[in-house]
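**Student:** Quick one: structure below, then a few questions.
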Amino acid sequence: MLRTRALFMLCVSLLSYAPVLAQDASDINAKIRKEETDNSQIMRTMHFLTDVYGPRLTGSPNLKAAGEWAIKQMTAWGFENGHLEAWDFGHPGWTNERFSGFITSPVKDTLTCEVLSWTPGTNGPVTAHAYQMTLPEKPSQDEFTAYLATQKDKVKGKIVLAGKQQIVPVTLTPPARRQDDKQAKERYDPNNPNAGQGRGGPRGNQQPPEPGKLTPRQIDEQLDQFLIAGGAVIRVNDAGREHRQIRAFNNRTFDAAKALPTVVMSNEDYGRIARILADGSAVELEFNIVNRWYPEGKTAYNTVAEIPGTDKRDEVVMLGGHLDSWHSATGATDNAIGCAVMMEAARILRAIGVKPRRTIRVALWSGEEEGLLGSQAYVKQHFGTFEEPKPEYSKLVAYFNIDSGTGRARGASVFGPPEAASVVRQALAPFEDLGVMGAIASKSRALGGTDSTSFSQAGLAGIGMGQDPIEYNSATWHTNLDTYERIIEDDAKKSAMVIAAGLYQLAMRDELLPRFSKETMPPLPPKEGTPAPATPTPQARP
Ligand SMILES: [Zn+2]
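At the far end of the sequence shown sits residue 557, using my numbering, and the numbering has no gaps.
Structure below.
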């Protein structure tokens, strides 16, 4: 079976390429594999991006320093034109420098928490009694206002637990780790009507607001206002996840005056306090939170470096991922690893002495976690849109993106007509033994879960790499567990090799990637109100 297919593939490749080019491609592919196997820099890059510069919250000095380090490193590898490109984030930078939390009565113990970003600190240790609010479920404005009126005198001087403890059932089914080859093939089979869209697809799980009900975001904001007005001292949210995992996002107003010092507490500690309070016992807690604000963070930066092309140097193939992270770990799987893989894919081509016909440009984005802001600013500034193109619009071949954790690349979702996906599929085909199973075309211009969709939305060929889901949704994505230790070096190396091969083909072929015509370009979807969702539902966060 394998042998028959190999023979078939050989005939196909002989038919579709001149023999010299086929020889050239297989020679290059062998060199790509050898360079990455012998000289991989991925884990070194990972060490710097996570251990030394993580976490990399947008607007923070860490993120800027990580970008500067990446430029220095890519320049040392022989890249040119390395620079930071400014865009207007509009919010100050923020970091948490110090945190401690304890239960001091009726027992003494340390609490596991993360600080909500862009909230104020405590100005020294604060000790106070805990008070738990039981918020009404899906209230209307009237119901919520009436509920808050009953709480008016209860929160003053208190550390307030905002809501009931979420009951997180013990998981009996293990999370998905690797897709088997059959599944991955189906996912990237152009003839499969149910082929997956990967993370390039539209944002999932966004429930439309129910008529007459407040959205979770509205409840959240009104609760903040109420707690400030009522004289509460600290707000505590339940992490609502197993195994002391915590996802801490942000004060969505980015305004210190509009939130209390706020922590997200492990579900286990939150539950313990709630159960002791339910016994009728008083609980005393102590917190010390030191946060720092950086006004200069209003200007954020994308990180860019190039390998200049030769005879087609004004045409560009881009690749990248987002360098910014959330703040409660060092942002390893989301998405230092994507940056390390993309830097590496380009480094491989440079190291094996390829002279690309087109310019290869690495871009490491910022503001992704706050709503794909950095990549959208870049696309707007450089390319415009299909409907209102800038001169560079016609010169971009494609943009490769990777942003789904440590798992190896299993296929590509290519915004464009089926012919565009088949070019990418042919480029990846010689790497099926590493697990990459093909490419499918996407027609979606909806802004989705990662930066490739900033390109697709503009009508440009955003290519989203799909990956094995290893530990990502279940454990590391946006959590306090997202560290260097969670990276599988072998998977990351495979992704780098596969992407280097795709990059090479798009940089060398005579033609640009086939594009939609004026007649076939899908229309833009109706405008979303705000790119970021109303509540930190995990699936909806970029
Ligand atoms: Zn990400």
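By construction, the Cβ of each residue, glycine as well, lies at the ideal position given by its N, Cα and C atoms.
Computed from a predicted model, the values in this text were never measured in an experiment.
Quick one, which of SER281, MET89 and PRO224 has its alpha-carbon nearest PHE117's?
**Tutor:** SER281
**Student:** Within 8 Å: the Cβ of ASP418 and any heavy atom of ligand 3?
**Tutor:** As presented, the structure is devoid of ligand 3, carrying ligand 1 as its sole ligands.
**Student:** Taking all protein chains shown into account, decide if GLN441 is buried (16 or more other Cβ within 10 angstroms of its Cβ) or exposed.
**Tutor:** buried
**Student:** Report the CB separation of ALA476 from VAL412 in whole angstroms; it is logged as a contact under 8 Å.
**Tutor:** That pair is a contact at about 7 Å.
**Student:** What number of angstroms, rounded off, separates the C-alpha of LEU126 from the C-alpha of LYS200?
**Tutor:** Taking the straight line from one Cα to the other gives about 46 Å.
**Student:** Along the chain, where does the alpha helix (DSSP H) that runs through SER469 open and close?
**Tutor:** First-last of the alpha helix (DSSP H) with SER469: 467-472.
**Student:** Out of curiosity, what's the CA-to-CA distance linking GLY97 and ARG373?
**Tutor:** 17 Å
**Student:** May I ask you to check if the CB of THR188 is nearer than 8 Å to at least one heavy atom of ligand 1?
**Tutor:** no
**Student:** With a threshold of 16 other CB atoms inside 10 Å of the CB of GLY295, please say whether the residue is buried or exposed.
**Tutor:** exposed
**Student:** Nearest to GLU4 by CA position, among MET58, ALA272 and ALA344, is which residue?
**Tutor:** A query on residue 4 cannot be resolved here, the shown segment of the chain reaching from 16 to 557 and no further.
**Student:** With distances taken between CB atoms, is the gap from LEU387 to ASN317 smaller than 9 Å?
**Tutor:** no
**Student:** For ALA507, name the three-state secondary structure that DSSP assigns.
**Tutor:** helix
**Student:** Can you check DSSP and say which residues form a bridge with TYR146?
**Tutor:** VAL175
**Student:** State the Cα-Cα distance for the pair MET536 and TRP102, rounded to the nearest angstrom.
**Tutor:** Between MET536 and TRP102, the C-alpha separation is close to 29 Å.
**Student:** Give, in chain order, every unbroken run of the beta strand (DSSP E) that is at least 3 residues long and sits entirely within the segment 73-148.
**Tutor:** 95-103, 108-120, 128-130 and 141-148
**Student:** Could you have a look at LEU539 and say whether DSSP puts it in helix, strand or coil?
**Tutor:** coil
**Student:** For TYR285, which of helix, strand or coil comes out of DSSP?
**Tutor:** helix
**Student:** Hey, is ASN317 close to ligand 1, as in C-beta under 8 Å from one of its heavy atoms?
**Tutor:** no
**Student:** Taking buried to mean at least 16 other C-beta atoms within 10 Å of its own C-beta, is GLU152 buried or exposed?
**Tutor:** exposed
**Student:** Using the Cα positions of GLN391 and GLN240, report the straight-line distance between them to the nearest angstrom.
**Tutor:** 32 Å
**Student:** Figure out for me which residue from THR325, LYS313 and ILE485 has the closest Cα to the Cα of LYS79.
**Tutor:** LYS313
**Student:** For PRO540, which residues in the same chain have their Cβ closer than 7 Å to its Cβ, ignoring the five residues on either side in sequence?
**Tutor:** ARG460 and ALA461
**Student:** If I measure Cβ to Cβ from LYS405 and keep anything under 7 Å in the same chain, skipping five residues before and after, which residues do I get?
**Tutor:** HIS397, PHE398 and GLY399
**Student:** Can you look up TYR316 in the DSSP assignment and give me helix, strand or coil?
**Tutor:** strand
**Student:** Can you tell me which of the three DSSP states LEU275 falls into?
**Tutor:** coil
**Student:** How do the segment 337-355 and the segment 296-308 stand: do at least 3 beta-carbon pairs fall below 8 Å, yes or no?
**Tutor:** no
**Student:** Please report the residue range of the beta strand (DSSP E) in which HIS337 lies.
**Tutor:** 327-337
**Student:** Could you name each continuous beta strand (DSSP E) segment of 3 residues or more that falls completely within the segment 394-444, going from the start of the chain to the end?
**Tutor:** 411-416 and 424-430
**Student:** When you compare the CB positions of LEU528 and VAL438, do they come within less than 9 Å of one another, or not?
**Tutor:** yes
**Student:** Alpha carbon to alpha carbon, what distance is there between GLY69 and ILE47?
**Tutor:** 29 Å
**Student:** Expressed to the nearest angstrom, what Euclidean distance is found between the alpha-carbon atoms of PHE94 and ALA320?
**Tutor:** Rounded to whole angstroms, the gap between the alpha carbons of PHE94 and ALA320 is 6 Å.
**Student:** Helix or strand or just coil, what does DSSP make of PHE531?
**Tutor:** coil
**Student:** Counting pairs of Cβ atoms below 8 Å between the segment 50-58 and the segment 496-511, do you hit three or more?
**Tutor:** yes
**Student:** Three Cβ pairs or more, each shorter than 8 Å: is that satisfied between the segment 253-268 and the segment 136-147?
**Tutor:** Cβ pair count under 8 Å is below three, so no.
**Student:** For GLY353, which residues in the same chain have their Cβ closer than 6 Å to its Cβ, ignoring the five residues on either side in sequence?
**Tutor:** GLY336, ILE417 and ASP418
**Student:** Is the beta carbon of GLY463 within less than 8 Å of some heavy atom of ligand 1?
**Tutor:** Distances taken from the Cβ of GLY463 to the heavy atoms of ligand 1 include none shorter than 8 Å.
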